[in-house]
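Engineer:
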Amino acid sequence: MTIWIGLTGGIGSGKSQVAAIFASFNVPIIDTDAISRSLTAENGQALPAIYDAFGAEVFETPKRLNRAVLRERIFNSACLKTRLEQIMLPLIRSYSRQMMNQYQQAAFGIIEVPLLIEKKAFQKLVHRILVVDSAESLRIERVKQRSGLDEPEIKRIMANQASRSERWRAADDILLNDGSLQELQAKVGRLHRYYTAVFRPNH
Ligand code: ADP
Numbered sequence: 005m006t007i008w009i010g011l012t013g014g015i016g017s018g019k020s021q022v023a024a025i026f027a028s029f030n031v032p033i034i035d036t037d038a039i040s041r042s043l044t045a046e047n048g049q050a051l052p053a054i055y056d057a058f059g060a061e062v063f064e065t066p067k068r069l070n071r072a073v074l075r076e077r078i079f080n081s082a083c084l085k086t087r088l089e090q091i092m093l094p095l096i097r098s099y100s101r102q103m104m105n106q107y108q109q110a111a112f113g114i115i116e117v118p119l120l121i122e123k124k125a126f127q128k129l130v131h132r133i134l135v136v137d138s139a140e141s142l143r144i145e146r147v148k149q150r151s152g153l154d155e156p157e158i159k160r161i162m163a164n165q166a167s168r169s170e171r172w173r174a175a176d177d178i179l180l181n182d183g184s185l186q187e188l189q190a191k192v193g194r195l196h197r198y199y200t201a202v203f204r205p206n207h
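Residue numbering for the sequence shown follows this note's numbering, beginning at 5 and increasing consecutively.
1) Could you name the residues of the same chain whose beta carbon sits closer than 7 Å to that of Q49, not counting the 5 residues immediately before and after it, in chain order?
2) Can you find a heavy atom of the ligand ADP that lies under 7 Å from the Cβ of I15?
3) Could you name the residues of the same chain whose beta carbon sits closer than 6 Å to that of L88, not counting the 5 residues immediately before and after it, in chain order?
4) Taking its Cβ as the centre, do 16 or more other Cβ atoms sit within 10 Å of W172, making it buried, or is it exposed?
5) Going by DSSP, which residues form a beta bridge with V136?
6) Does K19 pass the burial test, meaning 16 or more other C-beta atoms within 10 Å, or should it be called exposed?
7) Between R160, Q109, L179 and T86, which lies nearest to V192 when the distance is taken from Cα to Cα?
8) Spatial neighbours of E140 within its chain, please: CB distance less than 6 Å, with the 5 preceding and 5 following residues excluded, ordered by chain position.
9) At what residue ranges does the stretch 78-127 contain a whole run of the alpha helix (DSSP H), taking only runs of 4 or more?
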């Protein structure tokens, strides 16, 4: 049985960076954000249900979503946001399971789930929770550089995510990403050695 480790953390904490380092050690990686994007890409599997729920106004063409309009709709209505999640989250979970089934030979794998703490149904997919975390000021600086979002926008996103203490309470392992990339590489290397030792087959 493959052990699946759910990798989570707030915006800018370093999830993608940590996943990339695990990938460099040949650990299977599943990225639920990428799954979500592919489900909503042109002709994506989620589009018929989104069309039924939101109508033609959130579409550029019958097969292509107008993401800006959809974002605007759900930003202004908690009810519509829930509706979209009711469509997307089960699809993301079922697609994730399909991908997991392709890695049955691996001792362990990483599944990156930004909302693992907020959306508890995702926790059924994983055996263990790895939280990557760093100081809020560092996260804001890193996201500013990565995306060009301004500070109020980043803080608004953070305010809608779980708090640091909620994440820490849920975590089995915590990676503090408060130093250089080399330091992060070394920390992930140690964790990789640990997981490899603990989750080796027939242990
Ligand atoms: P998340 O996926 O959690 O939103 P990322 O992994 O994309 O976060 O990291 C946010 C940004 O900060 C990226 O541009 C990433 O390359 C950079 N970054 C992450 N960790 C470090 C670090 N230890 N030192 C310098 N830059 C970092």
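Glycine included, each C-beta is placed from N, C-alpha and C at the ideal position.
Structural biologist: On the basis of the coordinates in this document:
1) L43 and L95
2) The answer is yes for I15.
3) Excluding positions up to five away in sequence, the list reads I78.
4) Burial check for W172: the Cβ neighbour count within 10 Å stays below 16, so the residue is exposed.
5) Here V136 is bridged, per DSSP, to L179.
6) buried
7) L179
8) none
9) For the stretch 78-127, whole alpha helix (DSSP H) runs of length 4 or above, ordered along the chain, are 82-105.
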